Structure formats: structure tokens, C-alpha cells
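Residue numbers (the numbering used here): 1388 to 1509.
Worksheet: the structure to be examined is printed underneath.
Here it is as C-alpha cells:
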């Protein structure tokens, strides 16, 4: 069975670009477009890796990440945080909340694929 990723991203063009890149690389890609209901989507999709935008309608990525790390069943899930805000303090806040990796938007296509491969263990 292939690698599974859940993408929580509210920008349709970014979500579609990532979906295309990862599907071409053999990933099964599910997506959720808002912060509301994100934890339910994570439980339902059981991804190998989560890609999480920080600025979402309904709930922030930081809130979702904190809930994820507080849940014993989901605490070990690798999370790549994507953010349009790539300053040092944003990276530090994401890391403190439990992000496995941080990537600023706009991202390099090959970099996001390689990062997710590494996070999924190969």
C-alpha cells in the first residue's frame, strides 16, 4: 500500500498543486479545506504524514497541532507545517506547538516531495 498524506489547506490552488505533485509521486492524497473538523478528518483518513497550513478558517493550524500532540493516538503523527509567514518567530511557534518540519510558502516543488518522503520513512 502506498503512502498516505492528509493535506489541511484552505487555498484551492495550493492544495491542488500539492495534490498533483504527490499523486505523481505515488501518494494517496486526501484533503480538508478548513480548520473546523480537521481533527475528525485526521482520525478518519489515518495518514502517514499530515501537511498543515497555519492560517485556516474556523481553527488555526496551531490549535489543531496542539490538539494533535495532546491526543495519545495521534501524537506521533509527522506534521509538515506550511505557512505564508516564514519568519523565525513563526517557525519557533510551530516547532514549540509540535511541528515535525516547517516550510514557508511559496515552496519548491521538489523540496516538498523530498521532505514528505523523508518524513514518511523513505
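We put the CB at the ideal spot given by N, CA and C, even for glycine.
Because the structure is a prediction, the values reported are computed rather than measured.
Indicate, with yes or no, if the ligand ADP has a heavy atom lying under 7 Å from the CB of residue i.
i            : result
residue 1475 : As presented, the structure is devoid of all ligands, the ligand ADP included, so that no description of it is given.
Go ahead and label residue i buried or exposed: buried means 16 or more other beta carbons lie within 10 angstroms of its beta carbon, across all protein chains shown.
i            : result
residue 1396 : buried
residue 1407 : exposed
residue 1458 : exposed
residue 1425 : buried
residue 1502 : buried
residue 1479 : exposed
residue 1460 : exposed
residue 1475 : exposed
Mapping DSSP to helix, strand and coil, what is residue i?
i            : result
residue 1329 : As displayed, the chain neither begins before 1388 nor continues past 1509, which places residue 1329 out of reach and without an answer.
residue 1397 : coil
residue 1471 : coil
residue 1477 : helix
residue 1440 : strand
residue 1431 : helix
residue 1486 : coil
residue 1456 : helix
residue 1391 : strand
If I'm right that residue i touches residue j with Cβ under 8 Å, what's the distance once you round it to whole angstroms?
i            : j            : result
residue 1393 : residue 1437 : 5 Å
residue 1391 : residue 1415 : 5 Å
residue 1468 : residue 1489 : 5 Å
residue 1404 : residue 1420 : With a Cβ gap of about 14 Å, residue 1404 and residue 1420 do not count as contacting.
residue 1452 : residue 1462 : The Cβ separation is near 11 Å, so there is no contact.
residue 1412 : residue 1500 : 5 Å
Using only CA atoms, which one of the options lies nearest to residue i?
i            : options                : result
residue 1505 : 1423, 1461, 1422, 1466 : 1466
residue 1464 : 1404, 1444, 1508       : 1508
residue 1398 : 1435, 1470, 1478, 1453 : 1470
residue 1444 : 1452, 1422, 1496       : 1422
residue 1477 : 1432, 1441, 1435       : 1441
residue 1400 : 1498, 1433, 1492       : 1492
Decide yes or no for the touch test of the segment 1484–1492 against the segment 1435–1453: beta carbon pairs closer than 8 Å, at least 3 of them. In short, these stretches touch, since the Cβ pair count reaches three.
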